[in-house]
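Enquirer: Before I ask anything, here is the structure I am working with.
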Amino acid sequence: MIRVVQITLPALLFSLSTFSSASDDIHAGSDEVSTKVSEEVSNDIEKITVEGSTTANTKPVGTFGSPVSNLEYDPRVDLQSRNMAEAQADVTIRGGIFENTGFRVGSATLLDPQTGHYFAEIPIAQEMLSNANVLTGSDNALLGVNSSVGTVSRDWTPIKTAGSASIGSGNNNFNLQRVYSGVSMALGDSTDWSIGFEGEYSRSESDGTIENGDHDFQRASGRIQLVGPSSQTDLFFGSQDKFFGWPNMYTPFNVNETEDLETQLLILNHKQEYAQDSTFEISTYYRRNKDHYVFSRENPDIFEAFHETDVKSIALSGRHAQTAAFALNYSTQFIADSIESTTLENNFTSRHYYKLSVLPEYQIDLQNDQRLTFRLGAAFDDTNRDDSQVSLIGDITWDTINADDTSQTIYLSYAEASQVAGYTAIGGSDSGGLFRSNYNLERETTKNIELGLALDRETWRLDSAIFYRQDNDLTDWTYSLSSTSARSANPVDIDTLGLELLAVKRFDNAEIITSYTFLEKSENYGAADIDASFYALNFPDHRVTLGVIWRPTDIVEVRVDNEWRKQEENILRNSDDDALFTHLSLKVSPTQIKGLDIMLAADNLWDESFEEIPGTPGRGEQYTISATYNW
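Numbering (mature numbering (1 follows the signal peptide of the UniProt record, and there is no 0)), first residue to last: -22 to -1, 1 to 609.
Here it is as structure tokens:
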């Protein structure tokens, strides 16, 4: 492995010079690709943490948008879906598993205590949220909760007076209807305060891209927002119902499984700026998720399970600038959860989580517009049922701002993080059943060291990182050929070496986003009866993405995302180990009707049958046509 590092790092540094002829800054916006890293580079150390979408397409083909939609072709994230991403998708970052990934809105991580399969059940309209920031390394250790590898973080956007109505149809009897509206107005006679109201309703259904892959989704969400000269307060409520089916959704036994999910979410969020370069954000939420799982839709009496989880939480994060050179970054969150389940057999049905992280920051201004930033701190994790853990966090960043506003950043970081297993892994039967738990699972710990380089030029941008991560006692779900269980929870120690390259180039009427990622793992389960891994060893050795946005005329826009991957071999996978996916969309905005967009879209254009999860059939082709009127 040391030899791999010696070979890869020089290759990485050499590759940076090959992008010296690229394009101008990518403009921000929910429908535009943006890799513009925050000007507060000292607060956004982990490169490959970018603001905006790193994919050409920002809307899904087979349903309405959700918090996972923009991640489908994101080079930082591996989205392993059942049915489609918006049905049930395991979101993994840097070769972790789905339970290593957190979803953060405002300052709060939204937890599902049953299983990480439902982390992304977040009934929030995408207009209400910023584009995703993928936090890794030091930033994840500082801000993430019970997510040891990465966190998908999004902020509440200001409400604007605008709206849209959409209808769509497609093959597989697909149909979609959606309406969204927002209004913002001055509060009384004040010029400094405003109040906003926002709401949406979305629904879609289809027979599915393969047989027994149907879905029926609907979501309603609303928000009230109060904005002052230096503050923003949001009150949100959302509810969604999702039914979907898929063969071998969770088991390799050739049955047609179904899920029926209901999720309600209530959030109150306040963000406040004060003094000089200081801010804090406080979030509190209540989340309820109901799951009805059926093993065989033809014979539901064989096995079905009901779960209901309730989560209450309050979180606080911020940055206090004591002087121009010294600041304190901090984050804390308390979570209380409970579960009612027909499959949990012991009394492990509630838990309290505590997280406190403090990361002091010191900046030194050097000559020639250069700045050196040191951060060193720690995080404390605890629950009322598990051992506590103290984790070290630190990084060093060297920034250079050139006279022509171009810049380069070099950073080195070391971060530790930890988490505990969900109830499905630790609270069910440990001797039989479809999903076998393990009562001996301990707190998972992660150590990550990383070196990165970012170049930002007038006409192009490149982000790069090489990292080495050690996961100890990681909870994985495994399969044994001699077992009647579909999968069993087992701990594993894994070392992961990774490389990430992300480049963006823009022309006058086109934008190109391309990336390459490499992963190599070595694992130790400490057991001989494990024949396959569903998650921890389900990763791409090599992965390449290529996205293009092309505007040949003022009324036509073409967006295409491509992904090629070479997946690690797995005895449960029936498809090939390599795959090519393409998502293509054509938007026409006729000048005769201002505000009208007509969209033709295709997903999985080559009808790729690759099994994203071993033993679970891949999705088929989906073609849609939709019309959206914007006002």
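We treat Cβ as the ideally placed atom computed from N, Cα and C, and that holds for glycine.
(1) Can you round the beta-carbon distance between I342 and R349 to whole angstroms, since I take them to be within the 8 Å contact cut?
(2) At 3 residues or longer, and completely inside the region 111 to 182: list those beta strand (DSSP E) runs for me, N to C.
(3) Judging by CA-CA distance, which residue of I379, I313, N325 and G355 is the nearest neighbour of T361?
(4) Quick check: the Cα distance between S309 and A293, rounded to an integer number of angstroms?
(5) Would you check if the distance between the CB atom of F588 and the CB atom of S553 is smaller than 8 Å?
(6) Quick one, are the C-beta atoms of T129 and L121 less than 8 Å apart?
(7) Residue range of the beta strand (DSSP E) that Y457 falls in?
(8) Just verifying my parser: in three-state terms, what is the DSSP assignment at M227?
(9) Given a cut-off of 8 Å on the beta-carbon distance, is the pair S147 and T602 in contact?
(10) Could you tell me the distance, in whole angstroms, from the CA atom of H330 to the CA atom of E318?
(11) How many angstroms separate the CA atom of G40 from the CA atom of R54?
(12) Would you kindly work out how many angstroms separate the C-alpha atoms of Y607 and S131, rounded to a whole number?
(13) So the candidates are Q254, S335, D315 and S328; which of them puts its Cα closest to the Cα of residue 610?
(14) In terms of residue numbering, what span does the alpha helix (DSSP H) encompassing Y401 cover?
(15) CA-CA distance, A505 and G593?
(16) Contact between the region 389 to 408 and the region 420 to 435 is defined here as three or more beta-carbon pairs at a separation below 8 Å; is this criterion met?
(17) Mind checking whether D507 and S460 have CB atoms under 8 Å apart?
(18) Which residues mark the beginning and the end of the beta strand (DSSP E) in which Y252 is found?
(19) What first and last residue would you give for the beta strand (DSSP E) that runs through M577?
(20) Considering only C-alpha positions, which residue in the set D56, T36 and T257 is nearest to N48?
(21) Does the distance from the CB of H193 to the CB of A65 come in under 8 Å?
(22) Return yes when the Cβ of V538 is within less than 8 Å of the Cβ of L515, no when it is not.
(23) Exposed or buried, P136, counting other C-beta atoms within 10 Å across all chains shown (16 or more means buried)?
(24) May I ask you to list the residues that DSSP assigns as paired with H520?
(25) Rounding to the nearest angstrom, what Cα-Cα distance links G596 and R60 in this structure?
(26) Residues in its own chain within less than 6 Å of N21 by CB, not counting five upstream and five downstream?
(27) Helix, strand or coil for residue 616, going by three-state DSSP, please let me know.
(28) Does the beta-carbon of D471, which I'm using as the reference point, lie nearer than 7 Å to any heavy atom of the ligand SAH?
Expert: This is what the structure holds:
(1) Mapped onto the sequence shown, residue 342 falls at position 364. Mapped onto the sequence shown, residue 349 falls at position 371. That belief holds up - the Cβ atoms of I342 and R349 are roughly 7 Å apart, short of 8 Å.
(2) 111 to 114, 128 to 132, 140 to 148 and 152 to 164
(3) Reading the sequence shown from its first residue, position 383 is the one you call residue 361. Here the closest residue by C-alpha is I313.
(4) Here residue 309 refers to the residue found at position 331 of the sequence shown. Here residue 293 refers to the residue found at position 315 of the sequence shown. Distance between the alpha carbons of S309 and A293: 8 Å.
(5) By one-based count along the sequence shown, residue 588 stands at place 610. By one-based count along the sequence shown, residue 553 stands at place 575. Cβ distance < 8 Å, so F588 and S553 count as in contact.
(6) To locate residue 129, count along the sequence shown from 1; it is residue 151. To locate residue 121, count along the sequence shown from 1; it is residue 143. It is a contact, given that the beta carbons lie within the stated cut-off.
(7) The sequence position of residue 457 within the sequence shown is 479, counting from 1. Its beta strand (DSSP E) spans residues W438 to Y457.
(8) Start at 1 with the first residue of the sequence shown, and residue 227 comes out as number 249. Residue state, collapsed to three classes: coil.
(9) The sequence position of residue 147 within the sequence shown is 169, counting from 1. The sequence position of residue 602 within the sequence shown is 624, counting from 1. For S147 and T602, yes; Cβs fall inside 8 Å.
(10) On the sequence shown, position 352 is the one that residue 330 refers to. On the sequence shown, position 340 is the one that residue 318 refers to. Roughly 16 Å separates the two Cα atoms.
(11) Within the sequence shown, numbered from 1, the residue matching residue 40 stands at position 62. Within the sequence shown, numbered from 1, the residue matching residue 54 stands at position 76. Going from the Cα of G40 to the Cα of R54 covers about 23 Å.
(12) The count along the sequence shown starts at 1 and reaches residue 607 at position 629. The count along the sequence shown starts at 1 and reaches residue 131 at position 153. Taking the straight line from one Cα to the other gives about 29 Å.
(13) Since the first residue shown for the chain is -22 and the last is 609, residue 610 is missing from the structure and cannot be characterised.
(14) Translated into positions along the sequence shown, residue 401 becomes position 423. Where Y401 is concerned, the enclosing alpha helix (DSSP H) stretches over Y401 to I404.
(15) On the sequence shown, position 527 is the one that residue 505 refers to. On the sequence shown, position 615 is the one that residue 593 refers to. Their backbone Cα atoms lie some 22 Å apart in a straight line.
(16) yes
(17) Locating residue 507 in the sequence shown gives position 529, where the first residue counts as 1. Locating residue 460 in the sequence shown gives position 482, where the first residue counts as 1. Yes; because the gap between Cβ atoms is below 8 Å, this pair is in contact.
(18) Within the sequence shown, residue 252 is the residue found at index 274, counting from 1. Note, Y252: beta strand (DSSP E), N234 to Y252.
(19) For the purposes of this step, residue 577 is identified with residue 599 of the sequence shown, where counting begins at 1. Looking at the DSSP string, the run of the beta strand (DSSP E) that includes M577 is L574 to D581.
(20) What you label residue 48 is simply residue 70 of the sequence shown in a count that begins at 1. Nearest C-alpha to N48: T36.
(21) If you number the sequence shown from 1, residue 193 lands on position 215. If you number the sequence shown from 1, residue 65 lands on position 87. Contact flag set, yes.
(22) Taking the sequence shown and counting its residues from 1, the one referred to as residue 515 is at position 537. Taking the sequence shown and counting its residues from 1, the one referred to as residue 538 is at position 560. No, they are not a contact pair.
(23) For the purposes of this step, residue 136 is taken as the residue at position 158 of the sequence shown. Under this definition P136 is an exposed residue.
(24) Residue numbering aside, residue 520 sits at position 542 when the sequence shown is read from its first letter. Partner(s): F496 and K544.
(25) Taking the first residue of the sequence shown as 1, we reach residue 596 at position 618. Taking the first residue of the sequence shown as 1, we reach residue 60 at position 82. When rounded, the distance between both Cα atoms is 8 Å.
(26) Translated into the one-based positions of the sequence shown, residue 21 becomes position 43. Its pLDDT being 41, under 50, N21 is placed unreliably in this model, and the value from its coordinates should be taken loosely. Answer for N21: no residue qualifies.
(27) The first residue shown for the chain is -22 and the last is 609, placing residue 616 beyond what the model contains.
(28) Annotation note on the ligand SAH: not contained in the displayed structure, which lists no ligands.
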